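Numbering (our numbering), first residue to last: 59 to 406.
By construction, the Cβ of each residue, glycine as well, lies at the ideal position given by its N, Cα and C atoms.
Since the model is a prediction, treat every value here as computed from it, not as a measurement.
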């Protein structure tokens, strides 16, 4: 391993789910990497494959889903083919996880201190319980829990939602993992607490050098937190690049639609963009570009040939209509309609 080796590499990942009616493809050819101290945002609608990618990396795919092709490497070492015992040892130790609902991650019958101590001792059994408790208090302090010496003896129900999420992040850090997978960590939180959790993740990546995979449906969170962003659609990568490039100059029509759905405080007279249709089911992924049934710019080639992920100016995009020079897609999905025009049409 060299200093330039990414903490995480995913190469051509394909996940299949066998059913009585055939094999469904949940992920198809996903390729990405995350460097040390970097936050990669994973964004897309429900069913795009974000959580499935995270579950594949951490080795928690729900049966009968399985990795059918591709490779997953941690610090240059392939991990998707490891025996389950060795894969299990990586969870928590090398790869930490933060899930959406902290209540499902915390035992209501144990104090947060006992849960932290138990996790710490699981990964470092040679440590004394006193030393583990000291580390638990330090983790609570690091994640922004006030009065950690007192709060360590409290139960989960005695914490607010935002504080419980901080405890879950502390649990994920117990073994000093090199990769943190954060799956919708801010969805259940109000805006002010969401901002605090975002700041915490950024600080942890910067100070600890941890690589972070941030899974979310919120482009606003991506814009505030991530260094790079991967846009997924129907289990495939639609676009990937530096977050500023993807947000300011999106190349794929789907990315343009996601950006158009973000409220703009400088344009109060505009309707938000609505992407027509819905994400296809795993048993109905169309031929060619999977987005073409919802894309206003689609032509015959889009309907019959799947576009590869190609360099498109400032990012990589899988779109036949994107421009290698980074120019806009003709007839792009994003078409803002002034509210006044809509009102006139409705009135008439």
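- Message: Here's the rule: buried if 16 or more other CB atoms are within 10 angstroms of the residue's CB, otherwise exposed. What is residue 83?
- Response: For the purposes of this step, residue 83 is identified with residue 25 of the chain shown, where counting begins at 1. Residue 83 should be labelled buried.
- How is the beta strand (DSSP E) around residue 124 delimited, first residue to last? Stepping through the chain shown from its first residue, residue 124 is reached at position 66. Unbroken beta strand (DSSP E) run through residue 124: 124-132.
- Message: Going by C-alpha to C-alpha distance, which of 243, 248 and 318 sits closest to residue 283?
- Response: Here residue 283 is taken as the residue at index 225 of the chain shown, counted from 1. Closest option to residue 283, Cα to Cα, is 243.
- Query: Are the region 310-318 and the region 121-138 in contact at 8 Å, needing three or more beta carbon pairs?
  - Reply: no
- Query: Per the contact definition of three or more C-beta pairs closer than 8 Å, is the region 95-111 in contact with the region 285-303?
  - Reply: yes
- So, residue 106 versus residue 72, is the Cβ gap smaller than 8 Å? On the chain shown, residue 106 is found 48 positions in, with the first residue counted as 1. On the chain shown, residue 72 is found 14 positions in, with the first residue counted as 1. Cβ distance not < 8 Å, so residue 106 and residue 72 don't count as in contact.
- Between residue 150 and residue 229, what straight-line distance do the alpha-carbon atoms span, to the nearest angstrom? As a first step, residue 150 is located in the chain shown; it is residue number 92 there, counting from the start. As a first step, residue 229 is located in the chain shown; it is residue number 171 there, counting from the start. Each residue's Cα considered, the two are about 8 Å apart.
- Residues near residue 116 in its chain [Cβ-Cβ closer than 7 Å; skip 5 each side]: Here residue 116 is taken as the residue at index 58 of the chain shown, counted from 1. Contacts found: 149, 153, 155 and 239.
- Thinking residue 237 and residue 66 are a contact (beta carbons under 8 Å), I'd like their distance in whole angstroms, please. Taking the first residue of the chain shown as position 1, residue 237 is located at position 179. Taking the first residue of the chain shown as position 1, residue 66 is located at position 8. Right, the Cβ-Cβ distance comes to about 5 Å (below 8 Å), so this counts as a contact.
- Item | Residue range of the unbroken alpha helix (DSSP H) whose run includes residue 63 | On the chain shown, position 5 is the one that residue 63 refers to. Premise fails: residue 63 is in no alpha helix (DSSP H) and is neither H nor E.
- Query: Any idea if residue 335 is buried or exposed, counting beta-carbon neighbours within 10 angstroms, 16 or more meaning buried?
  - Reply: Residue numbering aside, residue 335 sits at position 277 when the chain shown is read from its first letter. It is exposed - the Cβ of residue 335 has fewer than 16 other Cβ atoms within 10 Å.
- Message: Just to check my reading of the structure: residue 89 and residue 70 have Cβ atoms closer than 8 Å, yes? What is that Cβ distance to the nearest angstrom?
- Response: One-based indexing of the chain shown puts residue 89 at position 31. One-based indexing of the chain shown puts residue 70 at position 12. Right, the Cβ-Cβ distance comes to about 6 Å (below 8 Å), so this counts as a contact.
- Find the nearest neighbour of residue 338 within the set 294, 172 and 377, judged by alpha-carbon distance. The sequence position of residue 338 within the chain shown is 280, counting from 1. It is 294.
- Message: Tell me which residue opens and which closes the beta strand (DSSP E) that residue 291 is part of.
- Response: Here residue 291 corresponds to residue number 233 of the chain shown, with the count starting at 1. Here the beta strand (DSSP E) through residue 291 covers 286-291.
- Query: Near residue 81, which residues of its chain fall below 6 Å by C-beta distance, leaving aside the five closest residues on each side in sequence?
  - Reply: Here residue 81 refers to the residue found at position 23 of the chain shown. Cβ within range, chain order: 74.
- Task: Evaluate the contact criterion for the region 213-220 versus the region 158-170: three or more CB pairs, one atom per stretch, below 8 Å.
- Result: yes
- Strand pairing of residue 83, partner residues [DSSP]: What you label residue 83 is simply residue 25 of the chain shown in a count that begins at 1. Beta-bridge pairing links residue 83 to 74.
- Message: Can you tell me where the beta strand (DSSP E) holding residue 411 begins and where it ends?
- Response: Nothing about residue 411 can be read from this structure; the chain reaches only from 59 to 406.
- Query: Can you name the residues that DSSP bridges to residue 90?
  - Reply: Position 32 of the chain shown, counted from the start, is the residue given in the question as residue 90. Paired residues: 68.
- Query: What distance in whole Å lies between the Cβ atoms of residue 373 and residue 304, which are believed to be in contact at a cut-off of 8 Å?
  - Reply: The residue you call residue 304 lines up with position 246 of the chain shown. The residue you call residue 373 lines up with position 315 of the chain shown. About 5 Å separates the two Cβ atoms, so the contact holds.
- Who pairs with residue 297 in a beta bridge, going by DSSP? Translated into the one-based positions of the chain shown, residue 297 becomes position 239. According to DSSP, residue 297 bridges with 289 and 375.
- Task: May I ask which residues mark the beginning and end of the alpha helix (DSSP H) holding residue 111?
- Result: Looking up residue 111 in the chain shown gives position 53. Run containing residue 111: 108-116, per the alpha helix (DSSP H) assignment.
- Task: Find out if the Cβ-Cβ distance for the pair residue 223, residue 160 is shorter than 8 Å.
- Result: Numbered from its first residue, the chain shown carries residue 223 at position 165. Numbered from its first residue, the chain shown carries residue 160 at position 102. Yes. Within cutoff.
- Message: Going by C-alpha to C-alpha distance, which of 250, 108 and 199 sits closest to residue 220?
- Response: Within the chain shown, the letter at position 162 stands for residue 220. It is 250 whose Cα lies nearest to the Cα of residue 220.
- Within the same chain, show all residues whose beta-carbon is closer than 6 Å to that of residue 347, passing over the 5 residues directly before and after it, in chain order. Residue numbering aside, residue 347 sits at position 289 when the chain shown is read from its first letter. Around residue 347: 360 and 365.
- Query: Looking at C-alpha atoms only, which residue of 174, 195, 275 and 234 is the closest neighbour of residue 263?
  - Reply: Counting from 1 along the chain shown, the entry for residue 263 is found at position 205. If we check each option's Cα against that of residue 263, 234 comes out closest.
- Query: Count the other CB atoms within 10 Å of the CB of residue 268; is the residue buried (16 or more) or exposed (fewer)?
  - Reply: On the chain shown, position 210 is the one that residue 268 refers to. Result: buried.
- Between the Cα of residue 142 and the Cα atoms of 198, 119 and 163, which residue gives the shortest distance? What you label residue 142 is simply residue 84 of the chain shown in a count that begins at 1. Nearest of 198, 119 and 163 to residue 142, Cα basis: 119.
- Which full runs of the beta strand (DSSP E) of 3+ residues lie inside the region 175-242, going along the chain? 237-241
- How about residue 258 and residue 227: are their beta carbons less than 8 Å apart? Your numbering for residue 258 matches position 200 in the chain shown. Your numbering for residue 227 matches position 169 in the chain shown. Cβ atoms of residue 258 and residue 227: closer than 8 Å.
- Message: Tell me which residues share the same chain as residue 351 and place their Cβ nearer than 7 Å to its Cβ, disregarding the 5 neighbours each side in the sequence.
- Response: Translated into positions along the chain shown, residue 351 becomes position 293. 335 and 344.
- Are the Cβ atoms of residue 108 and residue 273 separated by less than 8 Å? Taking the first residue of the chain shown as 1, we reach residue 108 at position 50. Taking the first residue of the chain shown as 1, we reach residue 273 at position 215. Yes; because the gap between Cβ atoms is below 8 Å, this pair is in contact.
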